[in-house]
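Novice: According to my numbering, the sequence shown is numbered sequentially starting from 2. Where is the CB? At the ideal position from N, CA and C, for every residue including glycine. I have a structure I would like to understand better, so I am pasting it below and will then ask my questions one at a time.
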Amino acid sequence: MAGWLILGILVVLGFILVGMYNQLVQLRVRADSAWSDIDVQLKRRHDLIPNLVETVKGYAAHEKGTFENIAKYRSLAMQATTPGDRAQAENQLTGALKSLFAVAENYPDLKANQEFLQLQASLNQTEDAIQNARRYYNAVIRDLNTKIQSFPTNLLAGMFGFVPRQFFEPAAADREPVAVKF
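Next up, the structure:
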């Protein structure tokens, strides 16, 4: 009788361990999928940028520094591999794009150019998609990291090599309030 009780307890414990392991695997797969979603949106952004730059170049040929910065930061962003490096490079690229749009503001003809307006709208849509993908990725990473660090799952996570992942963090400048001047 005692042997059956011990066997029953071991079976239940086995099911609990399998369940915890499967939860960790599920969160890891969701994190990988969320990162892939970010990657897709960033690729789309990187593909739009050269078209936008070429359109603005026609109107603002003397703004060479802005165009060089965009090209440099785009290249860095495309080469970054870790979420931290990628976030830093993408934040630099975002700053350079803000400079590009500031340059565009100085050219009324450009602001009325249909191709520029379409590219700007596409880039804005992509930026929104990137923001949503980052939010989802960070939520999944939060859940994964919580599960990895919570007892008793942390014991199983350590045994199977599950490690906490890095959040996709915005730049410090993005946390500053926007200055509104009239």
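1. With a threshold of 8 Å, are at least 3 pairs of Cβ atoms found where one atom belongs to the region 101-110 and the other to the region 40-60?
2. According to the Cβ coordinates, are I237 and I71 closer than 8 Å?
3. With 16 as the cutoff for other CB atoms within 10 Å, does V13 come out buried or exposed?
4. For M79, which of L25, N133, I39 has the nearest alpha-carbon?
5. Could you name the residues of the same chain whose beta carbon sits closer than 8 Å to that of Q119, not counting the 5 residues immediately before and after it, in chain order?
6. Can you tell me the Cα-Cα spacing of E69 and L98, whole angstroms?
7. By the 10 Å Cβ neighbour count, where 16 or more other Cβ atoms means buried, how is Q93 classified, buried or exposed?
8. Measure how close the beta-carbons of F168 and I142 come, nearest whole angstrom, since I'm counting them as under 8 Å.
9. Give me the Cβ distance between R166 and A81, rounded to the nearest whole Å; I'm assuming they're in contact under 8 Å.
10. To the nearest angstrom, report how far apart V30 and P153 are at their CA atoms.
11. For L28 and D144, I'd like the C-alpha separation in whole angstroms.
12. I need the boundaries of the alpha helix (DSSP H) containing Y138, first residue and last residue.
13. If you compare alpha carbons, which of S34, Y138, R46 is closest to E128?
14. Flag this pair as yes or no: are the beta carbons of V104 and E55 separated by less than 8 Å?
15. Identify, in the order they occur along the chain, each residue of the same chain with its Cβ nearer than 7 Å to the Cβ of N139, setting aside the five sequence neighbours on each side.
16. For L25 versus L157, is the C-beta spacing smaller than 8 Å?
Specialist: Short version:
1. In the pairwise beta carbon analysis, the region 101-110 is classified as touching the region 40-60: at least three pairs are separated by under 8 Å.
2. For the chain, the structure presents residues 2 to 183; residue 237 sits outside this window and is missing.
3. Sequence index remark: in the sequence shown, residue 13 carries index 12 (1-based). Label assigned to V13: exposed.
4. By 1-based counting over the sequence shown, the position of residue 79 is 78. It is I39.
5. Position 118 of the sequence shown, counted from the first residue, corresponds to residue 119. Nothing listed; no residue qualifies.
6. Looking up residue 69 in the sequence shown gives position 68. Looking up residue 98 in the sequence shown gives position 97. Our two residues, E69 and L98, have alpha carbons roughly 11 Å apart in a direct line.
7. Here the question's residue 93 lines up with position 92 in the sequence shown. The Cβ neighbour count for Q93, taken over all protein chains shown within 10 Å, is at least 16; the residue is labelled buried.
8. Within the sequence shown, numbered from 1, the residue matching residue 168 stands at position 167. Within the sequence shown, numbered from 1, the residue matching residue 142 stands at position 141. With 8 Å as the limit, F168 and I142 qualify as a contact, their Cβ atoms being about 6 Å apart.
9. Reading the sequence shown from its first residue, position 165 is the one you call residue 166. Reading the sequence shown from its first residue, position 80 is the one you call residue 81. About 15 Å separates the two Cβ atoms, so there is no contact after all.
10. Counted from its first residue, the sequence shown places residue 30 at position 29. Counted from its first residue, the sequence shown places residue 153 at position 152. Per the coordinates, the alpha-carbon of V30 lies some 21 Å from the alpha-carbon of P153.
11. Along the sequence shown, read from residue 1 onward, the residue named residue 28 stands at position 27. Along the sequence shown, read from residue 1 onward, the residue named residue 144 stands at position 143. C-alpha separation (whole angstroms): 7 Å.
12. What you label residue 138 is simply residue 137 of the sequence shown in a count that begins at 1. It spans 115-150 - the alpha helix (DSSP H) in which Y138 sits, taken as one unbroken run.
13. Here residue 128 corresponds to residue number 127 of the sequence shown, with the count starting at 1. Checking every option, the nearest Cα to that of E128 belongs to R46.
14. In the sequence shown, counting from the first residue as 1, residue 104 sits at position 103. In the sequence shown, counting from the first residue as 1, residue 55 sits at position 54. The answer is no: Cβ separation not under 8 Å.
15. As a first step, residue 139 must be located in the sequence shown, where it is residue number 138. Within its own chain, the residues whose Cβ lies closer than 7 Å to the Cβ of N139, once the five positions on either side in sequence are excluded, are F168, F169, listed in chain order.
16. Counting from 1 along the sequence shown, the entry for residue 25 is found at position 24. Counting from 1 along the sequence shown, the entry for residue 157 is found at position 156. Yes. Within cutoff.
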